[in-house]
Amino acid sequence: MKRRDIMEKIETKIIKVNEINPEEELILEGAKFIKEGKLVAFPTETVYGLGANGLNEEAVKEIFVAKGRPQDNPLILHVSSIEDIRPLVKSVSKEAEILMKKFWPGPLTLLFKKSKKVPNIITAGLDTVAIRMPNNPIALGLIKNSGMPIAAPSANTSGKPSPTSADHVIEDLYGKVHMIIDGGSTGVGLESTVLDLTEEIPMILRPGAITLEDLQSIIPNVEEDLSIIKNSNDIVPKSPGQKYRHYAPKADMLVFVGDVENMVMEIKVQAKEFISQEKTVGIMATEETKDRYGQGIIISVGSRKNMETIGHNLFNTIRLFDQKEVDIILAEGVELSYIGTAIMNRLKKASGGNIIKV
Ligand code: AMP
Ligand code: MG
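Going by the UniProt record's numbering, 325 is the number at position 325 of the sequence shown; the sequence numbering is gapless.
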């Protein structure tokens, strides 16, 4: 494909595909685009991905252009079977075999030592490659029928909240990609867990729906990269992508953590103060607390009793606050366990580290 001038608009084709039984002819059309080196945004069970032929350097370059993604942030390759990874990696450890069998297809990305077949642009020059098999019939059909691994970062403009519906993708990438496959809203709503198995200690570089607790039940010595849990700028994350401000709303954001009662009280105090300064205040509440604030634009992000609902709604809720043009978002935090770790990691990034203990 010819290198495109950044200003030149691309004609974006939007197709609606059945998320349970994808229409074969539509999947084949998407696969044809991928084979031609074009960009196709598609749903996965985590968030929407912006896909290109992962072995075609020119096509992969276009992903970085469309997203405005920094070149030093490597991409995940998506496969449709465990066997697909063999040509892409130098070796597969026993742990990796077990984890793939247990969690694939699913929201777990594994790092391997890369083979020569993987272009350097995918790994940003690193000697490891990140690979995942998504659990979504549209994604799997697209990968299988294009006959190659698909490189696919989240289908948003870099820095913005990840897209969990086709509308989010259209908002960010219309006119910048060749096709957007609308397969409804994504299930998990948070990007995959990234696990590094190439070092002595297995390390979670990015938390996701496959949790530390899930992984510990299989590989007991797994640890979390310190930058995930600590709120400090002194710790440089091991995963290049984790060092960027991410998922950010246009508004300022403050995240409150601690006892739920204290959180509600403090958010009320802060809301009152900001409103007195004529600011439009958004409150990211939960089902359990949403009726207690009284003032501000209150949106419940999900239920504390079913934290998966919070993961599912998080990015959409941040985008909703942007649509309502609030000046500041006051958000309730959650506990740092199970999927709560992934939720807090995204809130930390979205707020630029504005975490307040109450
Ligand atoms: P995204 O596809 O936008 O969800 O981002 C992919 C994430 O995986 C980013 O945080 C990357 O930094 C991370 N990643 C991809 N490949 C590697 C790698 N080889 N080593 C470390 N992190 C990686
Ligand atoms: Mg991303």
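Where a beta carbon is used, it is the ideal one built from N, C-alpha and C, also for glycine.
Answer yes or no: the CB of residue i versus the heavy atoms of the ligand MG, is any distance below 7 Å?
i: serine 154; result: yes
i: glutamate 191; result: yes
i: glycine 91; result: As written in the sequence, residue 91 is serine, which differs from the glycine given in the question. No; taking the cut-off as 7 Å, the Cβ of serine 91 has no heavy atom of the ligand MG nearer than that.
i: serine 239; result: no
i: serine 165; result: no
i: serine 303; result: no
i: serine 162; result: yes
Tell me, which residues are paired with residue i by DSSP?
i: threonine 286; result: According to DSSP, threonine 286 bridges with nothing at all.
i: lysine 349; result: None, per the DSSP bridge assignment.
i: alanine 152; result: Per DSSP, none; premise fails for alanine 152.
i: histidine 246; result: Answer is none; histidine 246 lacks a bridge partner.
i: methionine 203; result: Asp196, Glu223
i: histidine 78; result: Arg132, Ile150
Relative to the ligand AMP, is the shortest distance from any of its heavy atoms to the C-beta of residue i smaller than 7 Å?
i: glutamine 242; result: yes
i: alanine 41; result: no
i: proline 74; result: yes
i: arginine 346; result: no
i: leucine 26; result: no
i: arginine 206; result: yes
i: leucine 173; result: no
i: leucine 111; result: yes
i: alanine 130; result: yes
i: valine 194; result: yes
i: leucine 126; result: yes
i: threonine 289; result: no
I think residue i touches residue j, with their Cβ atoms under 8 Å apart; what is that distance to the nearest whole Å?
i: threonine 289; j: glutamate 332; result: 7 Å
i: glycine 311; j: proline 153; result: That belief does not hold up - the Cβ atoms of glycine 311 and proline 153 are roughly 19 Å apart, past 8 Å.
i: isoleucine 283; j: glycine 296; result: 5 Å
i: lysine 238; j: leucine 215; result: Not confirmed; about 16 Å, so no contact.
i: phenylalanine 134; j: glutamate 45; result: This sequence places proline at residue 134; phenylalanine is not what is there. Between glutamate 45 and proline 134 the Cβ distance is about 6 Å, and since that is below 8 Å, they are a contact.
Considering only C-alpha positions, which residue in the set the options is nearest to residue i?
i: aspartate 182; options: Leu190, Lys348, Ile20, Val60; result: Ile20
i: asparagine 136; options: Ala342, His312, Phe42; result: Phe42
i: lysine 114; options: Pro107, Thr123, Tyr338; result: Thr123
i: glutamine 323; options: Ile299, Asn306, Gly106, Lys116; result: Ile299
i: tryptophan 104; options: Phe274, Val79, Lys176, Ala31; result: Val79
i: glutamate 200; options: Phe33, Ser93, Ser81; result: Ser93
Note down, in chain order, each residue of its chain lying with its Cβ closer than 7 Å to the Cβ of residue i, except the 5 sequence neighbours on either side.
i: lysine 357; result: Val257, Gly258
i: lysine 268; result: Tyr293
i: proline 240; result: Asp72, Asn73, Pro74, Ala124
Skipping 5 residues on each side, what residues in its chain have a beta carbon closer than 6 Å to that of residue i?
i: isoleucine 228; result: Pro207, Asn345
i: methionine 1; result: Any reading at methionine 1 needs caution, since the residue's pLDDT is 44, under 50, leaving its predicted position unreliable; the model's value is listed next. These residues qualify, in order along the chain: Gly37, Glu58.
i: glycine 184; result: Glu19
i: valine 222; result: Pro202, Leu215, Gln216
So, at 8 Å on beta carbons, what are the nonlocal neighbours of residue i in its own chain, with the 5 sequence-adjacent residues on each side left out?
i: glutamate 213; result: Ser337, Tyr338
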